[in-house]
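Residue numbers (my numbering), protein chains in the order written: chain A, 1 to 299; chain B, 1 to 299. We put the beta carbon where it would ideally sit given N, CA and C, even for glycine. All of these numbers come straight from a predicted model, not from anything done at the bench. Written below as structure tokens is the structure these notes are about.
Below is the structure:
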């Protein structure tokens, strides 16, 4: 019998991931802020629980995939949170936070859970909505290797082989590396397209010349054509990316380093938010860079 | 009989490209600043000429692959340059500048050549030393489509199908788009690796997690492992990349736009030059970002 899974958070990512677990034969109980968000999964056979605590009383493994670090804190450390369960009623032995959250919170959760005999793993992912749907997420793990072994059949359903990056928080740090790389890559792509248009080139034809060479990237292949088509629908929300950049910058601050490209990216993405783009996809950076390119010269 | 080719410039790129033409059955004459630079090609059967003008008197197609726009100016417009040949002694009907140079110089060359009945194409490449050696360069062309058709058998030997991007200068503009994208992508990669090390992660293992996903790029795959191995040998020289960034920034200025990522990249690469890295490979940006990351916080 596979272990029972209590799942917290039914957003775009969470929904696809739970579907894959149900398909894989797992018994899954759910908690989310509103029951309606979980309804389609309940229809597929998932159970419904009124609090994270209630989930932890009946499931061996708890997995959270929520929005912000504050949400993570609430579902674990809050009233009726996973860790407020009394030890003799607790069934959960492993808790996995797959939210992109702060490395320090990952450490704090692990410490809070130790007294309850719960192992905590931080396991943020990359691969977006498509990766979640197709079960091809890249999973970056921080925590105890034995705990990882125990839950690796679950990770195998959700994504590619999970990679243990170190102790508690190392998964989150790795995700910050991932986002730091993407941030400046996106700046380069959007600036390249602004240059192309401004110089009178056909940007689509330019992509034919540059996509397959040294300028090539996942983002250039997947997002540049969407920009040219005027499609700014979210694969990944600007507001979530801004959260990630802020976590990364706060960590840099804590570590005593300054990364200028990362700082510039935060500033540019903040512009996207200011102009109403919080719920657009990250490729909406193009509009901000186009506007600033002109304003910058005018001022 | 294939047309005869007069080749100007025997650097790393030029040498590999000429070898491919010789292998392809072309008769090639050479000019370079010093005869010694061309010796290995002369040994393979290439001819040697004492000036660009002398080359233009005996070859139907002239191709230049030199270092800087000033070099391009000299070989075409200078004393004993290609265009100083007297019309009745001129054999050249098409001149191709494959140097990464300014779009405005490409236009200027085309205008200067018109009176001589020479068609000029700007055709910078990407793909670096490996692409030159393997004949897989990406070739971005500006100029007349009929002239391109005429020389396309040559481009087929040197690289992938050449793409006509527009009129004179459009090839150079396209190359600037390429370099603009690479510039910020490199910032992201170097910052990601600095973050990884600073946060105590194993950067090699981090690459396993991030290279195959949304952070993936040609540069991450090819240059990040070199950075981690401490290998800063040039695939592409920092000093040439700085030249390209300066051309791109000057064009932005002319077009009335400001691209902040591009400006940041120039500033960071300038740091690499200042600390003696002009003849290292572009991945040497990592050292500058690592130093500035710490200095930035200290100040």
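Considering Cα atoms alone, identify which of B:102, B:277 and B:59 is closest to residue 249 of chain B.
Position 249 of the second chain, counted from the start, is the residue given in the question as residue 249 of chain B. Selected option, being the one with the closest Cα: B:102.
Distance, Cα to Cα, residue 226 of chain B vs residue 204 of chain B?
Working through the second chain from its first residue, we reach residue 226 of chain B at position 226. Working through the second chain from its first residue, we reach residue 204 of chain B at position 204. So the alpha carbons of these two residues sit roughly 11 Å apart.
Locate the beta strand (DSSP E) running through residue 140 of chain B, then write down its first and last residues.
Within the second chain, residue 140 of chain B is the residue found at index 140, counting from 1. Residues 138-142.
Taking only beta-carbon atoms, is residue 168 of chain A less than 8 Å away from chain B?
In the first chain, the residue the question calls residue 168 of chain A occupies position 168. It does not; no Cβ of chain B falls within 8 Å.
Considering only their Cβ atoms, is the gap separating residue 195 of chain A from residue 180 of chain B smaller than 8 Å?
By one-based count along the second chain, residue 180 of chain B stands at place 180. By one-based count along the first chain, residue 195 of chain A stands at place 195. The answer is yes: Cβ separation under 8 Å.
Quick check: the stretch 27-35 of chain B against the stretch 171-188 of chain B, are at least 3 beta-carbon pairs closer than 8 Å?
no
Of all the residues that make up the stretch 279-293 of chain B, which are near chain A by a beta-carbon distance shorter than 8 Å?
Of all residues in the stretch 279-293 of chain B, 289, 292 and 293 have a Cβ within less than 8 Å of some Cβ in chain A.
Let me confirm a value: residue 229 of chain A is counted as buried when at least 16 other C-beta atoms fall within 10 Å, else exposed. Which label applies?
By one-based count along the first chain, residue 229 of chain A stands at place 229. Residue 229 of chain A should be labelled exposed.
Looking at chain A, which residues of the stretch 112-140 of chain B have a Cβ within less than 7 Å of any of its Cβ atoms?
126, 127, 128, 138 and 140
Evaluate contact between the stretch 5-20 of chain A and the stretch 54-71 of chain A, counting only Cβ atoms and requiring at least three cross-stretch pairs below 8 Å.
yes
Contacting positions in the stretch 229-243 of chain B - beta carbon closer than 7 Å to chain A
Flagged: no residues at all.
Same chain, Cβ closer than 6 Å to residue 261 of chain B, neighbours up to 5 away in sequence not counted
Counting from one through the second chain, the residue named residue 261 of chain B turns up at place 261. For residue 261 of chain B, where only same-chain residues beyond five positions count, the Cβ hits under 6 Å are 184.
State the Cα-Cα distance for the pair residue 69 of chain A and residue 108 of chain A, rounded to the nearest angstrom.
In the first chain, residue 69 of chain A corresponds to position 69, counting from 1. In the first chain, residue 108 of chain A corresponds to position 108, counting from 1. Those two C-alpha atoms are separated by around 12 Å.
Along chain A, which residues have their Cβ under 9 Å away from the Cβ of residue 178 of chain B?
If you number the second chain from 1, residue 178 of chain B lands on position 178. Correct list: 192, 206, 209, 210, 213, 214 and 215.
Any idea if residue 114 of chain A is buried or exposed, counting beta-carbon neighbours within 10 angstroms, 16 or more meaning buried?
Here residue 114 of chain A refers to the residue found at position 114 of the first chain. It counts as exposed.
With 16 other Cβ atoms within 10 Å as the buried cut-off, status of residue 131 of chain A
Residue 131 of chain A sits at position 131 when you count from the first residue of the first chain. Counting Cβ neighbours within 10 Å, residue 131 of chain A comes out buried, since at least 16 surround it.
Using beta carbons (cut-off 8 Å, strictly below), is residue 219 of chain B in contact with chain A?
For the purposes of this step, residue 219 of chain B is taken as the residue at position 219 of the second chain. By this cut-off, residue 219 of chain B is an interface position.
Measuring straight from C-alpha to C-alpha, what distance separates residue 243 of chain A and residue 46 of chain B?
Taking the first chain and counting its residues from 1, the one referred to as residue 243 of chain A is at position 243. Taking the second chain and counting its residues from 1, the one referred to as residue 46 of chain B is at position 46. Residue 243 of chain A and residue 46 of chain B: Cα-Cα distance of roughly 60 Å.
Assigned secondary structure, residue 30 of chain A (DSSP; H/G/I helix, E/B strand, else coil)
Within the first chain, numbered from 1, the residue matching residue 30 of chain A stands at position 30. In the structure shown, the three-state DSSP call for residue 30 of chain A is strand.
Within-8 Å CB hit, residue 165 of chain A to chain B:
Here residue 165 of chain A corresponds to residue number 165 of the first chain, with the count starting at 1. Chain B contact via Cβ: present.
Burial state of residue 283 of chain A (16 or more Cβ within 10 Å)
Position 283 of the first chain, counted from the first residue, corresponds to residue 283 of chain A. So residue 283 of chain A counts as buried.
To the nearest angstrom, how far is it from the Cα of residue 218 of chain A to the Cα of residue 138 of chain A?
The residue you call residue 218 of chain A lines up with position 218 of the first chain. The residue you call residue 138 of chain A lines up with position 138 of the first chain. Residue 218 of chain A and residue 138 of chain A: Cα-Cα distance of roughly 14 Å.
Measure the alpha-carbon distance for residue 152 of chain B versus residue 141 of chain B and round it to whole angstroms.
The sequence position of residue 152 of chain B within the second chain is 152, counting from 1. The sequence position of residue 141 of chain B within the second chain is 141, counting from 1. One C-alpha to the other measures close to 11 Å.
By Cβ distance, which residues of its chain are closer than 8 Å to residue 176 of chain A, with the 5 residues on each side in sequence left out?
The residue labelled residue 176 of chain A in the question sits at position 176 within the first chain. Excluding positions up to five away in sequence, the list reads 103, 244, 247, 248 and 251.
Just the Cα atoms here: how many angstroms apart are residue 126 of chain A and residue 21 of chain A?
For the purposes of this step, residue 126 of chain A is taken as residue 126 along the first chain, with counting starting at 1. For the purposes of this step, residue 21 of chain A is taken as residue 21 along the first chain, with counting starting at 1. So the two alpha carbons sit approximately 18 Å from each other.
I'd like to know whether the C-beta of residue 257 of chain A is nearer than 8 Å to at least one C-beta of chain B.
Walking along the first chain from the start, residue 257 of chain A turns up at place 257. Interface criterion met: the Cβ of residue 257 of chain A is under 8 Å from a Cβ in chain B.
Starting from residue 104 of chain B, follow the alpha helix (DSSP H) in both directions and report where the run begins and ends.
Within the second chain, residue 104 of chain B is the residue found at index 104, counting from 1. Start and end: 103-114.
Cβ of residue 247 of chain B within 8 Å of any chain A Cβ
By 1-based counting over the second chain, the position of residue 247 of chain B is 247. Residue 247 of chain B does not count as touching chain A.
What residues in its chain sit with their C-beta under 7 Å from that of residue 24 of chain B, if we drop five residues either side in the sequence?
Sequence index remark: in the second chain, residue 24 of chain B carries index 24 (1-based). These residues qualify, in order along the chain: 157.
Bridge partners for residue 237 of chain B per DSSP, in chain order?
Locating residue 237 of chain B in the second chain gives position 237, where the first residue counts as 1. According to DSSP, residue 237 of chain B bridges with B:281.
Taking Cβ-Cβ distances shorter than 9 Å, what residues in chain A pair up with residue 16 of chain B?
Counting from one through the second chain, the residue named residue 16 of chain B turns up at place 16. Chain-order list of chain A residues neighbouring residue 16 of chain B: empty, with the shortest C-beta distance near 16 Å, by a criterion of under 9 Å.
Simplified DSSP state of residue 54 of chain B, which is helix, strand or coil:
What you label residue 54 of chain B is simply residue 54 of the second chain in a count that begins at 1. Helix at residue 54 of chain B.
Please report the straight-line C-alpha distance between residue 168 of chain A and residue 96 of chain A, rounded to a whole angstrom.
The sequence position of residue 168 of chain A within the first chain is 168, counting from 1. The sequence position of residue 96 of chain A within the first chain is 96, counting from 1. Straight-line Cα distance between these residues: approximately 11 Å.
If the criterion is Cβ atoms closer than 8 Å, does the pair residue 264 of chain A and residue 238 of chain A meet it?
Position 264 of the first chain holds residue 264 of chain A. Position 238 of the first chain holds residue 238 of chain A. It is not a contact, given that the beta carbons lie outside the stated cut-off.
Using only the alpha-carbon positions, how far apart do residue 74 of chain A and residue 267 of chain A sit?
On the first chain, residue 74 of chain A is found 74 positions in, with the first residue counted as 1. On the first chain, residue 267 of chain A is found 267 positions in, with the first residue counted as 1. The straight-line gap from Cα to Cα measures roughly 29 Å.
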